[in-house]
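To convert, take the position in the sequence shown, counting from 1, and add 13; that gives the working numbering.
Glycine residues also receive a C-beta, built at the ideal position from the N, C-alpha and C atoms.
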Amino acid sequence: MDAKTNTKSATLTVDGKSVELPVHAGTVGPDVIDIGKLYAQTGMFTFDPGFTSTASCESKITYIDGDAGILEYRGYPIEQLAQGDFLETCYLLLYGELPTAAQKAEFDKNVTHHTMVHEQMSRFFHGFRRDAHPMAVMVASVGALAAFYHDSTDITDPKQRLIASIRMIAKIPTLAAMAYKYTIGQPFVYPKNSLSFAANFLNMCFAVPCEEYKVNPVLADALDKIFILHADHEQNASTSTVRIAGSSGANPFACIAAGIACLWGPAHGGANEAALQMLAEIGTVDKIPDFIAKVKDKNSKVRLMGFGHRVYKNYDPRAKLMQQAAHQVLKETGHGDDPLLHVAMELEKIALHDEYFIERKLYPNVDFYSGITLKAMGFPTSMFTVLFAVARTVGWISQWSEMIQDPAQKIGRPRQLYLGATRRDYVPIDKRK
Ligand code: ACO
């Protein structure tokens with residue numbers, strides 16, 4: 014279905030006056046009531062802090078059914094896409110269709126040949142303190158790309174938009190690895206075009222010039238899957254930030270930098286770090302019952318991190334794949350007996366059978382196993398959200414691109430319920446009491 018269809022209408026009665034509001038049907042998922050003309054018809058706005066009942070745009074990219082635990086990119090279930098590689102998912106998100114073998118080869122080559130960043134960027138990095146959080150460095154360096162690549166900032170030119178998109182998918186991993194290397198005082202490692210996307214990232218993060226580093230294919234494969242699982246998630250906070258920033262006509266590098274800034278928050282990208290911390294605090298399987306009791310105690314404010322989700326009221330489909338990746342990585346790195354993994358598995362088992370969690374539809378989310386997996390790969394916790402940003406870049410850029418091409422696109426400008434002072438007159442400072 015290309016255009017939205019009106020299936021029915023809704024009637025709203027305000028002060029005895031009724032207005033008819035069109036109702037649009039999506040291809041799947043709930044219908045939406047179109048309130049675009051509500052203000053003109055009634056002089057009223059709607060009030061929905063946190064946008065819990067508001068569809069902010071039309072989109073053909075990602076579909077989530079939180080009750081059924083379904084996540085699909087362009088109609089393909091995430092479990093099936095995980096059989097391919099991350100760049101295939103990137104192509105799908107960006108262009109709308111899976112690539113043929115020839116298209117895939119061309120796309121891989123294109124991304125691979127944009128992985129280097131302007132040499133001057135390395136000087137830019139040296140302006141930061143060594144103890145800078147890598148997410149702070151990411152926000153700044155991604156925003157700064159606009160200062161280095163002027164030839165892809167004209168958003169009215171489809172060719173420039175595409176070049177900017179490819180550049181970001183290709184260069185953000187390089188910047189992420191540089192941010193990491195900088196904080197640990199090691200030299201930057203240039204991208205290696207003979208490696209896959211994930212293997213190249215591992216090489217840029219963990220290789221050093223003084224010895225041979227061989228990328229472990231099991232870890233590269235697991236990281237590739239992690240990237241696929243995080244590639245897009247419809248209109249979440251950071252994606253909505255990218256769309257709002259882009260709605261003013263800002264250049265794509267600035268928009269993605271805004272998305273990274275939003276992702277940095279602990280309620281969004283930082284939850285895997287909190288889940289890992291929680292597992293470490295519990296420490297051993299015998300402490301789980303005490304911890305669960307604390308979680309259930311309303312006065313304790315303790316939550317089972319990595320459980321529950323605003324949208325998924327069923328098992329997060331990404332969590333199942335993440336659990337497999339965790340086992341794969343921990344076995345390969347010799348952490349198969351890591352007490353944290355045992356704690357995680359036991360905690361999950363107990364919570365899934367506990368009335369408190371069942372009643373509230375609390376299931377493991379993608380963050381439950383991702384921290385433990387990334388830690389076993391050798392990443393410090395400060396890099397967890399950076400890895401999320403590397404994966405989500407393609408989602409952000411695909412959503413941004415869809416928005417720019419939408420003929421109905423307008424600058425994002427929500428209204429408010431004003432509760433401040435009513436009009437009063439200015440009093441000169443010498444006359445104020
Ligand atoms: N542990 C214990 N109880 C919980 C949890 C949890 N993780 N999550 C929700 N609840 C309880 C609440 O206390 C509440 O109980 P009540 O009805 O008795 O008051 C009920 O479940 C509903 O909770 P809400 O906070 O209203 O649910 P909401 O959908 O707003 O919150 C959220 C979703 C923020 C993710 C929440 O489940 C949470 O805090 N989880 C832990 C943090 C986490 O893992 N975040 C990662 C999300 S995934 C991502 O961003 C990639």
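Check: residue i C-beta below 7 Å from any heavy atom of ligand 1
| i | result |
| --- | --- |
| His-322 | yes |
| Leu-289 | no |
| Val-403 | no |
| Ala-270 | no |
| Gly-408 | no |
| Ala-339 | no |
| His-281 | yes |
| Asp-234 | no |
| Ala-448 | Residue 448 cannot be examined here, being either before or after the span of the chain that is shown, 14 to 446. |
| Leu-400 | no |
| Met-335 | no |
| Gly-319 | yes |
| Val-255 | no |
| Ala-306 | no |
| Asn-123 | no |
| Ala-284 | yes |
| Asn-378 | yes |
| Arg-373 | yes |
| Arg-445 | no |
| Arg-426 | no |
| Arg-180 | no |
| Arg-437 | no |
| Arg-143 | no |
Three-state secondary structure assigned by DSSP to residue i
| i | result |
| --- | --- |
| Val-342 | helix |
| Val-124 | helix |
| His-243 | coil |
| Tyr-86 | strand |
| His-163 | helix |
| Ile-3 | Look at the range of the chain in this structure, 14 to 446, and you will see that residue 3 is not part of it. |
| Met-14 | Residue placement at Met-14 cannot be trusted, given a pLDDT of 47 that sits under 50; the coordinates are not used to answer. |
| Tyr-325 | coil |
| Asp-144 | coil |
| Ala-421 | coil |
| Lys-205 | coil |
| Lys-73 | coil |
| Ala-434 | coil |
| Ile-46 | strand |
| Val-308 | helix |
| Thr-449 | Because the chain spans 14 through 446 in this model, residue 449 falls outside it and cannot be assessed. |
| His-355 | helix |
| Gly-278 | coil |
| Ala-288 | helix |
| Val-315 | coil |
Counterpart residues of residue i in DSSP-defined beta bridges
| i | result |
| --- | --- |
| Val-221 | Glu-224 |
| Ser-31 | Thr-26 |
| Pro-377 | Phe-320 |
| Asp-78 | Ile-83 |
| Val-36 | Lys-21 and Ile-46 |
For residue i, the nearest candidate out of the options (CA to CA)
| i | options | result |
| --- | --- | --- |
| Tyr-108 | Lys-73, Phe-401 and Pro-230 | Lys-73 |
| Asn-206 | Ser-154, Met-129 and Gly-79 | Met-129 |
| Ser-135 | Lys-227, Asp-28 and Gln-199 | Gln-199 |
| Ala-287 | Val-255, Val-379 and Pro-230 | Val-379 |
| Ala-159 | His-243, Gln-412, Ala-267 and Gly-433 | Ala-267 |
| Glu-33 | Pro-265, Lys-423 and Asp-47 | Asp-47 |
| Asn-19 | Ala-53, Gln-96, Asp-438 and Ala-38 | Ala-38 |
| Gly-319 | Asp-44, Phe-210 and Tyr-376 | Tyr-376 |
| Gln-96 | Leu-334, Pro-441 and Tyr-369 | Leu-334 |
| Asp-170 | Gln-418, His-340, Asp-438 and Asp-121 | Gln-418 |
| Ala-220 | Gly-433, Tyr-193, Ile-77 and Pro-441 | Tyr-193 |
| Ile-168 | Thr-24, Thr-113, Phe-201 and Gly-259 | Gly-259 |
| Ala-190 | Gly-156, Phe-138 and Leu-175 | Phe-138 |
| Phe-296 | Ile-385, Gly-391, Ile-185 and Cys-70 | A small correction: the amino acid at residue 296 is Gly; Phe does not occupy that position in the sequence shown. When only C-alpha atoms are compared, the closest one is Ile-385. |
| Arg-316 | Arg-174, Tyr-203 and Phe-381 | Phe-381 |
| Val-228 | Phe-210, His-243 and Asp-245 | Phe-210 |
| Val-403 | Cys-70, Ala-293 and Cys-103 | Cys-103 |
| Val-255 | Gln-412, Tyr-439 and Gly-282 | Gln-412 |
| Ser-66 | Arg-323, Ala-339 and Arg-426 | Arg-323 |
| Ala-157 | Gly-140, Phe-370 and Leu-106 | Gly-140 |
| Gly-262 | Gly-391, Ile-424, Leu-236 and Thr-55 | Ile-424 |
| Glu-361 | Gly-349, Leu-343 and Asp-329 | Asp-329 |
Residue i beta carbon near ligand 2 (any heavy atom closer than 7 Å)
| i | result |
| --- | --- |
| Val-356 | In terms of ligand content, the structure shown lacks ligand 2 and carries ligand 1 instead. |
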